[in-house]
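Peer 1: First the structure, which I've put down as structure tokens, then a few questions once you've had a look.
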Amino acid sequence: MSARAYVAALGLLWTVPGLPTCLNVYRSDVERICDAESRSGKKVKTDAAGVMSWLEHNVASGQGIVFEGQLASESPRDRAVHLRAEARGQSIAACPLADAFEAFAVADDYRSAIVSLCDGEAVTEGGGVARLDVAPADDAERMREIRDWTLTVLKGSEALAFVDKMAQTAVQARPAMLRAEAGRLGIPTCALATTLEHPPPTPIPLSLVALPSFTVSRVDGAQRVQEAITGTLSSGNAGQTIDNCYGQALVKTPTLAGNVALRFTFDPNGKVTRAEESSSSLGSAAVVKCITSGLVGEVLAPAEKGGAKYTAVLALTPYQGSRPAGWPTVMPRPAPAALPGTIVSDAGAPDSGRRKKR
Numbered sequence: 000m001s002a003r004a005y006v007a008a009l010g011l012l013w014t015v016p017g018l019p020t021c022l023n024v025y026r027s028d029v030e031r032i033c034d035a036e037s038r039s040g041k042k043v044k045t046d047a048a049g050v051m052s053w054l055e056h057n058v059a060s061g062q063g064i065v066f067e068g069q070l071a072s073e074s075p076r077d078r079a080v081h082l083r084a085e086a087r088g089q090s091i092a093a094c095p096l097a098d099a100f101e102a103f104a105v106a107d108d109y110r111s112a113i114v115s116l117c118d119g120e121a122v123t124e125g126g127g128v129a130r131l132d133v134a135p136a137d138d139a140e141r142m143r144e145i146r147d148w149t150l151t152v153l154k155g156s157e158a159l160a161f162v163d164k165m166a167q168t169a170v171q172a173r174p175a176m177l178r179a180e181a182g183r184l185g186i187p188t189c190a191l192a193t194t195l196e197h198p199p200p201t202p203i204p205l206s207l208v209a210l211p212s213f214t215v216s217r218v219d220g221a222q223r224v225q226e227a228i229t230g231t232l233s234s235g236n237a238g239q240t241i242d243n244c245y246g247q248a249l250v251k252t253p254t255l256a257g258n259v260a261l262r263f264t265f266d267p268n269g270k271v272t273r274a275e276e277s278s279s280s281l282g283s284a285a286v287v288k289c290i291t292s293g294l295v296g297e298v299l300a301p302a303e304k305g306g307a308k309y310t311a312v313l314a315l316t317p318y319q320g321s322r323p324a325g326w327p328t329v330m331p332r333p334a335p336a337a338l339p340g341t342i343v344s345d346a347g348a349p350d351s352g353r354r355k356k357r
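Numbered per numbering that gives the first Met the number 0, the sequence shown spans residues 0 to 357.
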């Protein structure tokens, strides 16, 4: 058994009832621990490890040794709580070391909060990472986002008080204020300060334009044919073709609208071999011609022995939408679902090469 362990065990024996002198030794240890800063000449703020090292060599009772060992394994905040509780138990009115460790914990939490604020990320209680990105926002929104993030993610009221002080400062002075606070705490860099130095991006002007929209209002044929042709015309290349043809016309005539009945001739694989106008109330032969020529070669119907002919009616109606300057008015459509019985290649697209039945 080591000498230190022997003294600790002996100290525990000394604390049996009826031995007040030994109890007084432990109380003196607690007093000495509480006054460690003044007795050692060291400060928790600048040399917490030195204070703990002094304690290790300046307790006399076994209980004191046990208590000092417990303190050594605790966080600064837990040390403060433990010290106050032990001081109260020994009827010691004040414990300056507890106050020092409490202040140290508060300062450490604040520094960690400013580090997280500068880095724009912090580890949450659940082990995830909460990130702060205010670059795209304007000045007012930046401060709202910073405050909300500080309130919900960071520890302590001190960081929130600093953020509130920043919000009350002129916009141009905020980066310097944050960088100065980081420097005071020994934080060498502050990415958030750099972000705040750059003005928010200029909002992209939006314009209200007529955008193409259509529905397949009717398809003749059996239910499975109706569902298949409606689906393929409304998606993928076919839907994109109709959007493009109609969208180009809307640039010049924003109110252009109407119904177009298209007569399709399909080969046995469901591919369009011919598309022609059956009737139209659209009032634009150019749009109809663009659509019919663009749909030839598309697989729109289920495979059918001997091929088939079906008519589909498109209802074309524009809608008002906003687009940034220079953006296309026609957006991509999703790929169509596979057709029942369609012959497809191994890659899943209609093909004339290596084939298999689905």
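Ideal Cβ placement from N, Cα and C applies to all residues, glycine included.
Mind pulling the alpha helix (DSSP H) runs of 4 or more residues that sit fully within the stretch 23–89?
Peer 2: 35–39, 43–55, 61–71, 75–88
Peer 1: How is the alpha helix (DSSP H) around residue 206 delimited, first residue to last?
Peer 2: Counting along the chain, residue 206 falls outside any alpha helix (DSSP H), though it belongs to the beta strand (DSSP E) covering 205–210.
Peer 1: State the Cα-Cα distance for the pair residue 130 and residue 191, rounded to the nearest angstrom.
Peer 2: When only Cα atoms are considered, residue 130 and residue 191 end up about 12 angstroms apart.
Peer 1: Here's the rule: buried if 16 or more other CB atoms are within 10 angstroms of the residue's CB, otherwise exposed. What is residue 85?
Peer 2: Around the C-beta of residue 85, 16 or more other C-beta atoms lie within 10 Å, and the residue is accordingly described as buried.
Peer 1: Express the C-alpha separation of residue 320 and residue 205 in angstroms, rounding to a whole number.
Peer 2: 10 angstroms
Peer 1: Quick check: what's the CA-CA separation for residue 264 versus residue 306?
Peer 2: 8 angstroms
Peer 1: Can you find the residues in the same chain that come closer than 8 angstroms, C-beta to C-beta, to residue 117, ignoring five residues on each side of it along the sequence?
Peer 2: 177, 181, 186, 188, 189, 190, 191, 192
Peer 1: Taking residue 308 as part of the beta strand (DSSP E), name the residues at either end of that continuous run.
Peer 2: 307–315
Peer 1: Can you check which of these residues, 160, 258, 139, 108, is closest to residue 316 by C-alpha distance?
Peer 2: 258
Peer 1: Can you tell me whether residue 288 is helix, strand or coil according to DSSP?
Peer 2: helix
Peer 1: If contact is defined by three or more beta carbon pairs under 8 angstroms, each pair taking one atom from either stretch, is the stretch 75–85 in contact with the stretch 96–105?
Peer 2: yes
Peer 1: On the CB-based measure, 16 or more other CB atoms within 10 Å of its CB, does residue 297 come out buried or exposed?
Peer 2: buried
Peer 1: In three-state DSSP terms, what is residue 167?
Peer 2: coil
Peer 1: Using beta-carbon positions only, say whether residue 184 and residue 91 come within less than 7 angstroms of one another.
Peer 2: no
Peer 1: According to DSSP, which residues form a beta bridge with residue 265?
Peer 2: 271, 307
Peer 1: CB-CB under 6 angstroms to residue 24, same chain, minus the five flanking residues each way: which ones, in chain order?
Peer 2: Answer for residue 24: 59, 60, listed in chain order.
Peer 1: Could you check the C-alpha separation between residue 45 and residue 36 for me, to the nearest Å?
Peer 2: 11 angstroms
Peer 1: If you pair each beta-carbon of the stretch 276–288 with each one of the stretch 240–248, do three or more pairs fall below 8 angstroms?
Peer 2: yes
Peer 1: Among the candidates 48, 88, 93, whose CA atom is the shortest distance from the CA of residue 72?
Peer 2: 48
Peer 1: What number of angstroms, rounded off, separates the C-alpha of residue 221 from the C-alpha of residue 215?
Peer 2: 15 angstroms
Peer 1: With a cut-off of 8 angstroms, do at least 3 Cβ pairs link the stretch 145–153 to the stretch 121–137?
Peer 2: yes
Peer 1: Compute the Euclidean distance between the alpha carbons of residue 261 and residue 203, then round it to the nearest angstrom.
Peer 2: Taking C-alpha positions only, residue 261 is separated from residue 203 by approximately 40 angstroms.
Peer 1: On the DSSP letters alone, give me the boundaries of the beta strand (DSSP E) that residue 121 sits inside.
Peer 2: Its beta strand (DSSP E) spans residues 120–122.
Peer 1: Is residue 318 buried or exposed, if buried means 16 or more other CB atoms sit within 10 Å of its CB?
Peer 2: The residue is exposed, with fewer than 16 neighbouring Cβ atoms inside 10 Å.
Peer 1: Using the Cα positions of residue 279 and residue 303, report the straight-line distance between them to the nearest angstrom.
Peer 2: 28 angstroms
Peer 1: Between the C-alpha atoms of residue 242 and residue 110, what's the straight-line distance to the nearest angstrom?
Peer 2: 57 angstroms
Peer 1: What residues in its chain sit with their C-beta under 8 angstroms from that of residue 253, if we drop five residues either side in the sequence?
Peer 2: 208, 209, 317
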